[in-house]
Amino acid sequence: MNLAQRHELHGVQPVLPVADVRAAAEWFRDVLGLEIEFVVGEPAAHARLKAGRLGPEGWGAPVYIHLARAEVAVSPCGETRIHVGQGLDELFAHCRRLGATVVSPPANQPWGLREFVIATPDGHALRLCAET
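What the sequence shown shows, in the working numbering, is residues 841 to 972, in sequence order.
See below:
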């Protein structure tokens, strides 16, 4: 048994620095349909968003994204990848209608995924993908 198995490592939950936690949480809710689980502080200092549910009424392992108020200018790096079970192009059209910044439109990739990339208002890249 390796170390990760022994300690049952699971569930990556990115923490994205943002200028305004409440506004960012509302953007994730409106653009991607994530549920705002909680917002802490006044002004808001931290929030957690969720999509997906395990079990007979669910559609997959939950996705969690944390938002943390940045004390300095936000400097995005890397990407957050979110897997989509169905309707990727429909989701892209929805994001575009709501004014999301499109980094790259839907395209089939040689690794068997169809993907698009949008940027959050704070500049974080979100790569949404589905199996082709």
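Glycine included, C-beta positions come from ideal geometry on N, C-alpha and C. A quick note: this is a predicted structure, and the numbers were derived from the prediction, not measured.
Going by beta carbon distance, what residues of the same chain come within less than 7 Å of residue i, once the five residues before and after it are set aside?
{"i": "Gln949", "result": "Glu955"}
{"i": "Gly873", "result": "Ala891"}
{"i": "Glu971", "result": "Gly952 and Leu953"}
{"i": "Ile876", "result": "Ala865, Arg869, Ala887 and Leu889"}
{"i": "Arg936", "result": "Val942"}
So, is residue i buried or exposed, given that buried needs 16 or more other C-beta atoms within 10 angstroms?
{"i": "Arg846", "result": "exposed"}
{"i": "Trp867", "result": "buried"}
{"i": "Arg909", "result": "buried"}
{"i": "Ala940", "result": "buried"}
Tell me which same chain residues have a C-beta within less than 6 Å of the C-beta of residue i, skipping the five on either side of it?
{"i": "Met841", "result": "none"}
{"i": "Arg967", "result": "Glu919, Arg921, Glu955 and Val957"}
{"i": "Ala864", "result": "Val858 and Leu907"}
Just tell me which of the options has its CA closest to the CA of residue i.
{"i": "Val855", "options": "Thr941, Gly927, Leu931 and Ala965", "result": "Ala965"}
{"i": "Ser944", "options": "Val858, Ala959 and Leu931", "result": "Ala959"}
{"i": "Ala913", "options": "Ala863, Arg862, Asp962 and Glu848", "result": "Asp962"}
{"i": "Glu919", "options": "Glu911, Gly925 and Ile905", "result": "Ile905"}
{"i": "Glu911", "options": "Pro883, Leu938, Val942 and Gly851", "result": "Pro883"}
{"i": "Gln974", "options": "Ala901, Gly881, Ala844 and Val861", "result": "Residue 974 falls outside the range modelled here, since the chain spans only 841 to 972, and no answer is possible."}
Could you give the C-beta distance for residue i and residue j, rounded to a whole number, given that I count them as a contact under 8 Å?
{"i": "Val858", "j": "Leu931", "result": "The Cβ separation is near 22 Å, so there is no contact."}
{"i": "His923", "j": "Cys969", "result": "6 Å"}
{"i": "Gly892", "j": "Val879", "result": "Not confirmed; about 20 Å, so no contact."}
{"i": "Leu928", "j": "Pro946", "result": "6 Å"}
Could one say the Cβ of residue i lies closer than 8 Å to chain B's Cβ atoms, at least one of them?
{"i": "Pro896", "result": "Given the protein chain composition of this structure (a single chain), no chain B is represented."}
Next on the checklist: Using 8 Å as the cut-off, can you tell me whether the stretch 883-895 makes contact with the stretch 853-871, which would need three or more C-beta pairs spanning the two stretches below that distance?
Outcome noted: yes
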